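One structure below.
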Ligand code: CP
Ligand code: NVA
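Here's what the structure looks like:
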């Protein structure tokens with residue numbers, strides 16, 4: 046089983062089977078337990094990885110850095126400025142240069158096409174740390190968290206509220222379809238994913254025992270849900286001007302006490318973070334001055350409630366990203 050991961054890139058969950066995703070989740074669990082018990086695992090000692098970030102990050106960057114260090118690797122971070130990539134040097138050439146120096150490449154940025162070019166030309170594993178289209182490493186952390194809190198993935202009633210066609214909406218739908226969750230996208234029709242991707246996921250869900258549903262009705266969306274998931278209403282890279290329209294469209298889909306009351310008795314609240322749930326951020330404050338909303342996609346009471354597992358999710362970014370590097374760089378599974 047371990048052989049199938051070596052040298053492979055992690056670009057979209059569509060490239061992986063249910064069994065492979067289960068293997069990565071149990072590896073994550075094992076690496077988490079090892080770390081908690083102070084057992085060192087430095088099987089990747091001597092390897093070097095480079096992290097390319099065209100967009101900001103807290104969790105993803107730190108998870109790749111700490112994960113790599115834990116495994117004995119060295120890390121280079123290249124931010125939005127300071128390298129030639131995309132400005133004086135094409136992505137294709139950058140891929141061929143970095144592939145000669147590094148054992149693995151992480152990329153966070155705009156176009157999915159960029160991470161695919163890096164994969165196609167670098168000759169080393171490439172890991173997608175978020176593009177406008179997908180955020181696959183986040184889904185591994187989310188699914189590990191669901192396993193920890195609800196005990197299983199198959200049959201879980203999962204509802205995603207908000208911008209259902211952003212990187213998180215797309216990737217959660219794909220992951221649910223592969224793993225057999227009952228996924229509901231609860232959003233205005235204009236923010237549903239592309240029809241082609243929905244059709245692909247409906248097909249995958251038919252094989253896994255899951256299902257894919259969309260509704261514009263927040264009552265139907267929250268009804269008996271086991272997992273209520275949301276994400277920011279405006280994603281990185283989108284222009285400031287869309288806030289106005291997005292708030293109008295998505296306010297009915299805010300995750301608040303009314304929505305949570307309608308969920309199953311064992312329900313949990315999830316968010317990939319960062320989240321707008323109070324006025325403790327500069328962006329949160331400036332949105333408040335314009336729209337008088339203290340919370341946006343989620344209210345403070347839900348975010349801070351006992352149903353909220355957002356910091357477990359955040360921690361699990363480390364263990365799952367470490368598992369992806371470990372498996373694709375030849376660690377013993
Ligand atoms: N969830 C997530 O990807 O967070 P960062 O933007 O902080 O990496
Ligand atoms: N949809 C969000 C996810 C952040 C982790 C964004 O792209 O900004």
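Residue numbers (my numbering): 46 to 378. Beta carbons are placed, not taken as given, at the ideal position from N, Cα and C, and that holds for glycine. Keep in mind the model is a prediction, meaning the values are calculated, not measured.
In the displayed model, residue 74 falls within a helix according to three-state DSSP.
Of all residues, those with a beta-carbon under 7 Å from at least one heavy atom of ligand 1 are 101, 102, 103, 104, 105, 106, 175, 180, 183, 317, 318, 319, 362, reported in chain order. Residue 352 and residue 325 have their C-alpha atoms some 21 Å from each other. Nearest to residue 161 by alpha-carbon distance, out of 146, 136, 202, is 136.
For residue 129, DSSP records no beta bridge to any residue. Secondary structure of residue 310 (DSSP, three-state): coil. Cβ-Cβ distances below 8 Å link residue 235 to 294 in the same chain, with the five nearest sequence neighbours on each side left out; the list follows chain order. Cβ contact annotation for residue 179 (same chain, cutoff 7 Å, sequence separation greater than five): 57, 157, 173, 212, 215, 216, in chain order. Minimum Cα-Cα distance from residue 259 among the listed residues 253, 269, 243, 219 corresponds to 243.
Less than 7 Å separates the beta-carbon of residue 270 from that of residue 204.
If you ignore the 5 residues before and after residue 123, its C-beta comes within less than 6 Å of the C-beta of 97, all in its own chain and listed in chain order.
Nearest neighbour of residue 199 by Cα position, chosen from 93, 206, 188, 208, turns out to be 188.
With respect to the 7 Å criterion, residue 109 and residue 378 are not classified as neighbours on the basis of their beta carbons.
Here residue 81 carries a helix assignment [DSSP, helix/strand/coil]. Ranked by Cα distance from residue 69, the options 92, 181, 111, 264 are led by 181.
One Cα belongs to residue 247, the other to residue 230, and the distance between them is close to 13 Å. For residue 62, there is no enclosing beta strand (DSSP E), as DSSP marks it with neither H nor E. Counted as a single uninterrupted DSSP element, the stretch harbouring residue 168 is not any beta strand (DSSP E), since DSSP gives it neither H nor E.
In the DSSP assignment, residue 102 falls outside any beta strand (DSSP E) and carries neither an H nor an E. The DSSP-derived three-state label of residue 87 is coil.
For the segment 219-284, the full-length beta strand (DSSP E) segments reaching 3 residues or more read 227-231, 256-260, 272-275 along the chain. When Cβ pairs closer than 8 Å are counted between the two stretches, the segment 358-375 is seen to touch the segment 58-78, the count reaching three or more.
Comparing alpha-carbon positions, the option among 88, 340, 107 lying closest to residue 322 turns out to be 340.
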